[in-house]
Amino acid sequence: MQETETAEGKPEAGTGGRKQPPKAVMYAFVGLIPFLLVMMLVSVYTTSMHQPVPRDLPVAVIGTGQQAAGLADALNAAEASPVEARTVGSVSEAESLLKHREISAAFRLPAAQGGPATLYTAQAAGMGQASMTQAIFTQIAGRQGLQVDHREIAPLPPEDGMGTSAMMIVTGWILAGYMIITMLTQGMPEAFTLRRTPAFLAVWAALMSFVVWLIADPVIGAVGGHAWEMLALGWTTIFCVGLAQSFIARLIGGLGSIVGVFLLMYLGVPSSNLGMPVKAMPGLFEWLHGVLPTPAAGEALRAILYFGGDGVSGHLLVLALWGAVAVAGSVLLDSLRNRPKARHLLTEDGETAVDEAAEAAAASAVPATV
Numbered sequence: 001m002q003e004t005e006t007a008e009g010k011p012e013a014g015t016g017g018r019k020q021p022p023k024a025v026m027y028a029f030v031g032l033i034p035f036l037l038v039m040m041l042v043s044v045y046t047t048s049m050h051q052p053v054p055r056d057l058p059v060a061v062i063g064t065g066q067q068a069a070g071l072a073d074a075l076n077a078a079e080a081s082p083v084e085a086r087t088v089g090s091v092s093e094a095e096s097l098l099k100h101r102e103i104s105a106a107f108r109l110p111a112a113q114g115g116p117a118t119l120y121t122a123q124a125a126g127m128g129q130a131s132m133t134q135a136i137f138t139q140i141a142g143r144q145g146l147q148v149d150h151r152e153i154a155p156l157p158p159e160d161g162m163g164t165s166a167m168m169i170v171t172g173w174i175l176a177g178y179m180i181i182t183m184l185t186q187g188m189p190e191a192f193t194l195r196r197t198p199a200f201l202a203v204w205a206a207l208m209s210f211v212v213w214l215i216a217d218p219v220i221g222a223v224g225g226h227a228w229e230m231l232a233l234g235w236t237t238i239f240c241v242g243l244a245q246s247f248i249a250r251l252i253g254g255l256g257s258i259v260g261v262f263l264l265m266y267l268g269v270p271s272s273n274l275g276m277p278v279k280a281m282p283g284l285f286e287w288l289h290g291v292l293p294t295p296a297a298g299e300a301l302r303a304i305l306y307f308g309g310d311g312v313s314g315h316l317l318v319l320a321l322w323g324a325v326a327v328a329g330s331v332l333l334d335s336l337r338n339r340p341k342a343r344h345l346l347t348e349d350g351e352t353a354v355d356e357a358a359e360a361a362a363a364s365a366v367p368a369t370v
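The opening residue of the sequence shown carries number 1 in UniProt numbering; numbering runs sequentially from there.
Structure (structure tokens):
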């Protein structure tokens, strides 16, 4: 039964003696939560991307002579150097490092007097990264009066010339895992149990992984092939993200929706290394790149699409850890709360005004990607 007002305008107690918060409080939270979401999005995205300054980009100078070693030393010794240089003995070694994403570019000095220098990059490892290194070495060569030949070791495919498809696909996976739990806790709390949630997530993840692949590949043609790998990675990402959001919701209730979108989207997308290299962002995002599920899914997808799956295992481990820790945490929480039989998160008194406002606002908070 909903709360009613007495003749004096005072709120009456609802069912079970629970008083509803004053309308002014409810209205305040309805406006406050979307306000905070917008502020977080603008603050994080602007902080991370408004003024990219490359730092410590790993590069290689090809050559075994004193000239190559001298150039590498000079690059490292320069004040506020944007690169971290090392020497490699051959072009084949440099190409191998590029394909394994251990360096972002390789530079070879002219083999003959008056000849051009050569710059090797891998656009598939990040268009922004390749563009930055190309600009850096073109400037260096220009100071020495050298022309630069550019050779691409891992070009992007024609259907994804800017390399943005991976970011959009991963964003879809993350939203699928996050949003379903947000809506489940709000609209179907009876299904939000330790036993039902993983089974529901497994089916949902299979469905949405297929839908995302169907749209991205057969319908739009943004990616070519790798269907089974994409379906498997999509299922893993959605399932693990859903488990993680489930644990957050169990831990802090309705405000978990705000925390989830902040971690998975507002911090996850900038630190994914898919839109802009994390080496050009504040150091926090480089650290987040190694621990959040969004970057893990993005780098795993990039490895599948462009590098034959090389290096995918480490990123899958990050996703698996998020899922495993979430399951263990959920079980522990229910145990500590003396719930021998798993029950939904909401108490018998129902949602508070804060939870309602938080979940409703977060459910509609789909951040823009860059």
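Here a beta-carbon is modelled for each residue, glycine too, at the ideal position from N, C-alpha and C.
(Q) Using a Cβ distance threshold of 8 Å, determine whether the segment 271 to 280 contacts the segment 242 to 261, with at least three qualifying pairs required. (A) no
Q) Taking all protein chains shown into account, do 16 or more other C-beta atoms lie within 10 angstroms of the C-beta of Pro54, making it buried, or fewer, making it exposed? A) buried
Q. What's the call for Phe35, buried or exposed, on a 16-neighbour Cβ count within 10 Å?
A. exposed
Q.
Am I right that Trp204 and Gly234 are in contact with their C-beta atoms under 8 Å? What's the rounded C-beta distance?
A. Actually they do not touch by this definition, with Cβ atoms about 11 Å apart.
(Q) Which residue wins for smallest C-alpha separation from Ala227, given the options Gly126, Leu305, Tyr45, Lys279? (A) Leu305
Q. Who are the near neighbours of Ala216 in its chain, counting only those whose CB is closer than 7 Å to its CB and skipping five residues on each side?
A. Ser165, Ile169, Ala222, Val223
Q) Quick one: what's Glu84 bridged to in DSSP? A) Pro58
Q | Strand pairing of Glu152, partner residues [DSSP] | A | Thr121
(Q) Measuring only the C-alpha atoms, how far is Pro58 from Trp322? (A) 29 Å
Q. According to the Cβ coordinates, are Phe192 and Leu333 closer than 9 Å?
A. no
Q: Work out the CA separation of Arg302 and Ala326 for me, nearest whole Å.
A: 25 Å
Q: Can you grab the Cα-Cα spacing for the pair His50 / Leu336, in whole Å?
A: 45 Å
**Q.** Under the three-state DSSP convention, the category Arg195 falls into
**A.** coil
Q) Hey, would you say Ala176 sits closer than 9 Å to Ile220, going by beta carbons? A) no
(Q) Which residue wins for smallest C-alpha separation from Asp160, given the options Ala124, Val261, Glu229, Arg86? (A) Ala124
Q: Report the rounded CA-to-CA distance for Asp73 versus Ala202, giving the unit in angstroms.
A: 52 Å
Q) Roughly how many whole angstroms lie between the Cα atoms of Ala68 and Met281? A) 29 Å
Q. Distance, Cα to Cα, Ala297 vs Ser209?
A. 13 Å
Q: Excluding the 5 residues preceding and the 5 following Pro82 in the sequence, name in chain order all residues of the same chain whose CB lies nearer than 7 Å to its CB.
A: Pro54, Arg55, Leu57, Ile136
Q. Residue range of the alpha helix (DSSP H) that residue 373 falls in?
A. Outside the displayed range of the chain (1 to 370) lies residue 373, so it cannot be described from this structure.
Q. Alpha helix (DSSP H) containing Phe262: first to last residue?
A. First-last for Phe262: undefined, no H or E at that position.
**Q.** Under 9 Å between C-beta atoms of Leu109 and Leu71
**A.** yes
Q.
Just to confirm, is the Cβ distance from Thr118 to Thr133 under 9 Å?
A. no
**Q.** Supposed contact pair Gly163 and Gly126 - C-beta distance, whole angstroms, cut 8 Å
**A.** 7 Å
Q) So, is Glu299 buried or exposed, given that buried needs 16 or more other C-beta atoms within 10 angstroms? A) buried
Q: Please report how far the alpha carbon of Glu348 lies from the alpha carbon of Gly260, in whole angstroms.
A: Per-residue confidence for Glu348 stands at a pLDDT of 43, beneath the threshold of 50, marking its modelled position as unreliable; the derived number appears in the next sentence. If you take the alpha carbons of Glu348 and Gly260, they lie about 24 Å apart.
Q. Count the other CB atoms within 10 Å of the CB of Ser313; is the residue buried (16 or more) or exposed (fewer)?
A. exposed
**Q.** Sequence-distant residues of its chain with Cβ nearer than 7 Å to Tyr266 (five each side left out)
**A.** Met40, Leu41, Val44, Pro367
(Q) Could you compute how far the alpha carbon of Ala199 sits from the alpha carbon of Gly329? (A) 17 Å
Q | Pick from Glu95, Thr182, Pro295 that is closest to Gln245, judged by C-alpha positions | A | Thr182
Q | Cutoff 8 Å; reference Cys240; Cβ partners in own chain excluding five residues on either side | A | Gly177, Pro293, Leu319, Ala320, Trp322, Gly323, Ala326
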